[in-house]
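Report on the following structure.
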Amino acid sequence: MSDTRKLLIGVSPRILRQVPAELGFRGKTLQYLEQSVAHWVMSLGAMVVMVPTVERDSLIRPSHIDIPDFVDSLDGLILQGGADMDPRTYGEEPTHTVGAVDALRDRFELSLVRGFAEAGKPVFGICRGMQLINVAFGGTLYQDLRADGATKEHHVIREAYDEHVHGLRLDPQAWFATLHPGLEVARINSIHHQGVKVLGRGLVAEAWSDDGIVEVIRHTGESFVVGVQWHPEFHDGRNPELLAADPLMRAFLDAAQARRDRTS
Ligand SMILES: [Mn+2]
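Okay, so the sequence shown: first residue is 1 according to my numbering, each after it adds one.
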């Protein structure tokens, strides 16, 4: 009998270790998801749960719950945006341009990506999540796009936040363009100061900003592994000039359904 339960998608958390006093939780760590991501997935009929980190120093030992348990139980993985990755994860010493890093989150998410990809379950990365996918496959990042000379343009404007928008050029021959038939240019938000430098093994770039920064990566293997440098979850229709978000989420969920159908 086929499995008719709704798809169950795991979202890896953002982590707040220094909680502002007004929130309470003195001395505690918060793991959280931003609701636009969850609501975007749910609006297309899938369930969402957060995947709390498993840390060596916590009450949870890898012998209790570890990566394979999440991979077994979930149909797909979404990596949220967030803090800079530690450049040591791609073999570089951090420059002064790198913000606060979280080695535990890096390590946990890298393991999640590898676990899901090896199991043939789809992985979708947003912003930092795209950068993390690149590093998981052996790629490197610009620690700061402007300081490292990748561009003179600003890919983040703190005051404008998700209202900062730039152009996108789609490779018309690539998979990503099939989600948007006939579209060769688009507009997307931009809230990042880092970016892909050298692509990881098996990854291809499928869309770029006007100044040539990689904005979409995809793994060419069997498994669905896709990252985008912008935040499609903020393309909620209020600004109709922005690239439609749902075709990408539908493709991710279709891949999750196909993977489940193959094994149920
Ligand atoms: Mn950008």
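Every residue, glycine too, gets a C-beta built ideally from N, C-alpha and C.
Which same chain residues end up closer than 6 Å to R128 when comparing Cβ atoms and leaving out the 5 residues on each side of it in sequence? G81, G82
Completely contained beta strand (DSSP E) runs for the segment 24-85, where each covers 3 or more residues: List check, beta strand (DSSP E) in window: 30-32, 47-50, 76-79.
So does the segment 123-139 actually touch the segment 170-187, counting three or more Cβ pairs closer than 8 Å? no
Residue burial classification, Y161 (beta-carbon count within 10 angstroms, cutoff 16): exposed
Residues in the same chain with beta-carbon distance under 7 Å from L44, minus the five sequence neighbours each way, listed in chain order, please. D246, M249, R250, L253
Proximity test, S43 beta-carbon vs ligand 1 heavy atom, cut-off 6 Å: no
Tell me which same chain residues have a C-beta within less than 7 Å of the C-beta of A103, skipping the five on either side of it? D86
Which same chain residues end up closer than 6 Å to G115 when comparing Cβ atoms and leaving out the 5 residues on each side of it in sequence? I67, V71
Does any heavy atom of ligand 1 sit closer than 6 Å to the C-beta of H164? no
Could you check the C-alpha separation between T35 and T97 for me, to the nearest Å? The question names Thr, but residue 35 is Gln in the sequence shown. About 29 Å.
Count the C-beta pairs between the segment 202-218 and the segment 153-173 that are closer than 8 Å, then say yes if the count reaches three, no if not. yes
Going by C-alpha to C-alpha distance, which of F137, D236, V228 sits closest to V198? F137
Could you tell me which of V225, S73, A205 sits nearest to G125, measuring between CA atoms? V225
Go ahead and label P122 buried or exposed: buried means 16 or more other beta carbons lie within 10 angstroms of its beta carbon, across all protein chains shown. buried
Would you mind reading off the limits of the alpha helix (DSSP H) that contains N134? 128-136
Just the C-alpha distance for V340 and M42, rounded to the nearest angstrom, thanks. Within the shown structure, residues of the chain are numbered from 1 to 264, placing residue 340 beyond reach of any answer.
Where R105 and A147 are concerned, what is the direct C-alpha to C-alpha distance, given to the nearest angstrom? 25 Å
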